[in-house]
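Number of protein chains: 2
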Amino acid sequence: MGAVSPLSFWNDTAAKQSIIEFVERVTRPDTPDFVAEPDRIAVFDNDGTLWPEAPLPFQVAYVIDELKRRAPAEPQLSADPMVQAALGGDVATLMAGARHDGLMRVLALTHAGMTTGEFNSAVQMWLASARHPRFGRGYDQLTYEPQRQLLAYLRANGFKNFIVSGGGADFMRVWAERVYRIPPEQIIGSTGTVKYELRDGMPELTKTVDYVFVNDGDGKPAGIHQYIGRRPVMCVGNSDGDQAMLEYSTIGNPRPSLGVLIHHTDDQREYRYDAKPTSSGKLVSALQAAGERGWTVVDMKVDWNRIFAD
Amino acid sequence: MGAVSPLSFWNDTAAKQSIIEFVERVTRPDTPDFVAEPDRIAVFDNDGTLWPEAPLPFQVAYVIDELKRRAPAEPQLSADPMVQAALGGDVATLMAGARHDGLMRVLALTHAGMTTGEFNSAVQMWLASARHPRFGRGYDQLTYEPQRQLLAYLRANGFKNFIVSGGGADFMRVWAERVYRIPPEQIIGSTGTVKYELRDGMPELTKTVDYVFVNDGDGKPAGIHQYIGRRPVMCVGNSDGDQAMLEYSTIGNPRPSLGVLIHHTDDQREYRYDAKPTSSGKLVSALQAAGERGWTVVDMKVDWNRIFAD
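Each protein sequence line maps, in turn, to chains A and B. Add 126 to a position in the first sequence, counting from 1, and you land on the number used in this note's numbering. Add 126 to a position in the second sequence, counting from 1, and you land on the number used in this note's numbering.
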């Protein structure tokens, strides 16, 4: 490592060392491990990996706030049992099942019929006013500083960073370019079908409930294939929902590869959890696999000297 | 225009002029029409726009060759009426309907159950041996030279080029990076769902017939939104199937934009057609709209001094 570390918010521990060694190894020309720039694909989960997912995934907080705003004027909306669960804060019901059917239903109900422009405006309005219940900041002010450094470090070394998240692609695209410097075409998330039409002569795309692709679990390698079309050499996640894409990136990859798991261990500065079976962020099976697979486990309390921007 | 034209395979006609004027206009800093680099998104149709689509779209030729190769050993395959249509060369039946249901069925039948690696190998083998019936060359040797110059010219001016095609994304990705210098993550096409699994401990993605997204007609702006997440400022197509994405790129776009239609007018060097209702490449409605919309129409016979590489 040089005199000035490119990852100053990371402590000088084995986790940081493994990342820097990997990047130096694949960027050294004329060696067997060299990876050409177009193949330096890095994929990052978002919720719990680049920003928190507690006490609720932030998009769930958005949906609940939207329902509170809209339900009084739309009684047919509040009649739905899953909307009632959301309004009552019953997140376990929304998140139950591998595909989070309740949440998907509420997302569909709140998003269907909106144009993409209307949706963007609604998310922007929410970001401008909503505050995280514990940290008292706008949600887009709560991304992890060490991870923003890591994204910049990879970019400086010719990597192309992608987000591969179970969250909605359209939701992340509203703010991710500004916050992570990741452009919309490098954001893969859950998506619903949109319908194109000329309305009063102007092109409009309207969200529908016809088909929803859930980019989580086994859906993540499928999404990576569909959107990127080649295997990543670096994959960063924090939960069992990321295990499939960690496997896909690192097992049997003809190129050198690095898997990284962010472990939430810091209840002082952030949250401490891994086994939370009823919500997102459960990290049991992937943590067990990390040793055998050689994935780097980042202990947030030990490995990061800063969590959020001051 | 400078002394050395960047588009030497284009004649000095109005079509070339309109492209160069547009690129110069949006790349001149400190002017109202300046477009920042991340927003310089250009989308290109493939069949009939970057390479020929006659006498058959090249992927249809691939599928028919695949069926001929596989049918003798797989009688359940040849029992299907659409497979029989394909083996008999009845392309009109395969291409009938806006969504080309027959072709989609044959694609599904031939692709389902293959891993992505097996599919890549099959396409590569075909490219190495199959020859175009009229030109006697491998299909990947038949891309349009003026268009490869245009792609390079746009790239040199900070544009990011995407393919937005009704053809299969996986089919194009096998050869498009080598031929067009467009990486797989910038290729949007029709896609089927893939299923992820660990097979004997190794990650595999297998093609299924569960859901097929057809990236044509109104599907093209929907695909652009889903994959790119912002409106292109330049759009190049050649058929009515490209009209929706031409509209989406140029009508009411807050940024300056350019729509381009390639018109097949040269039966000596390539093909001459526009109204072919039973196959791909029908160009009637979009050609009528071009005047009103201000789209540039490229007359291949007049505007291009070369079609293919020597």
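Here a beta-carbon is modelled for each residue, glycine too, at the ideal position from N, C-alpha and C.
In the three-state reduction of the DSSP assignment, D227(B) falls in the helix class.
The beta-carbon of R307(B) is placed no less than 7 Å from the nearest beta-carbon of chain A.
Apart from the 5 residues on each side of it in sequence, D366(B) sits with its Cβ closer than 7 Å to the Cβ of K408, L409, V410, S411, A412 in its chain, given in chain order. At a cut-off of 7 Å between beta-carbon atoms, V340(B) makes no contact with chain A. Remark: C-beta atoms of T376(A) and S383(A) approach each other more closely than 7 Å. About 7 Å separates the beta carbons of V362(B) and D171(B), which is inside the 8 Å limit, making them a contact pair. The alpha carbon of A141(A) has as its nearest neighbour, out of P272(A), T317(A), V300(A), the alpha carbon of P272(A). In the DSSP assignment, F170(B) is bridged to I289(B), V362(B).
Counting other Cβ atoms within 10 Å of its Cβ, K194(A) stays below 16 and is therefore classed as exposed. Neighbours of A348(A) in chain B, taken as residues at a C-beta separation under 8 Å, are given in chain order as T319, V320, K321, Y322, L331. Taking the beta carbon of Y337(A) as reference, the chain B residues within 8 Å of it are Y337, listed in sequence order. If you draw a 10 Å sphere on the C-beta of M328(A), you find fewer than 16 other C-beta atoms in it, and that means exposed.
Within chain B, E303, P309 have C-beta atoms less than 8 Å from the C-beta of P164(A), given in sequence order.
For A416(B), not one C-beta of chain A is nearer than 7 Å to its own C-beta. Rounded to whole angstroms, the gap between the alpha carbons of V428(B) and Y270(B) is 15 Å.
The three-state secondary structure of M240(B), taken from DSSP, is coil. In summary, the residues of the stretch 358–377 of chain B whose CB is separated from some CB of chain A by less than 7 Å are A370, E373, Y374, I377, in the order they occur in the chain.
When rounded, the separation of the alpha-carbon atoms in D227(A) and I190(A) is 16 Å. Under the three-state reduction of DSSP output, K408(B) falls in the coil class, being neither helix nor strand. If you look at I308(A), you'll find it isn't in any alpha helix (DSSP H); DSSP assigns it neither H nor E. If you look at G345(A), you'll find it in the alpha helix (DSSP H) that goes 345–353. Taking 8 Å as the Cβ-Cβ cut-off, the stretch 417–429 of chain B has no residue approaching chain A. Think of a sphere of 9 Å around the beta carbon of D344(A): the chain B residues whose beta carbon falls inside it are K321, Y322, E323, in chain order. Taking 7 Å as the cut-off, the Cβ atoms of I289(B) and I313(B) count as close.
Runs of alpha helix (DSSP H) with 4 or more residues, each lying fully within the stretch 185–224 of chain A, are found at 201–204, 207–213, 217–221, listed in chain order.
Contact residues of the stretch 220–251 of chain B toward chain A are T242 (C-beta to C-beta distance below 7 Å). In the DSSP assignment, P329(B) forms a beta bridge with L324(B).
Cβ atoms of P183(B) and D173(B) come within 8 Å of each other, at about 5 Å. Contact between A435(A) and Q267(A) is confirmed by a C-beta separation of about 7 Å, below the 8 Å threshold. Buried is the label assigned to S316(B), since at least 16 other Cβ atoms lie within 10 Å of its Cβ. Judged by DSSP secondary structure, V149(A) falls within the alpha helix (DSSP H) whose first and last residues are 140–152. Chain-ordered, the chain B residues with CB closer than 9 Å to the CB of R299(A) read G355, R356. Relative to the Cα of D159(A), the nearest Cα in the group F148(A), V169(A), I167(A) belongs to F148(A). Under the Cβ criterion of 7 Å, Q185(A) is not counted among the residues facing chain B.
Taking one beta carbon from each stretch, the stretch 150–170 of chain B and the stretch 330–345 of chain B have fewer than 3 pairs nearer than 8 Å; the two do not touch. For V428(B), the enclosing alpha helix (DSSP H) starts and ends at 426–429.
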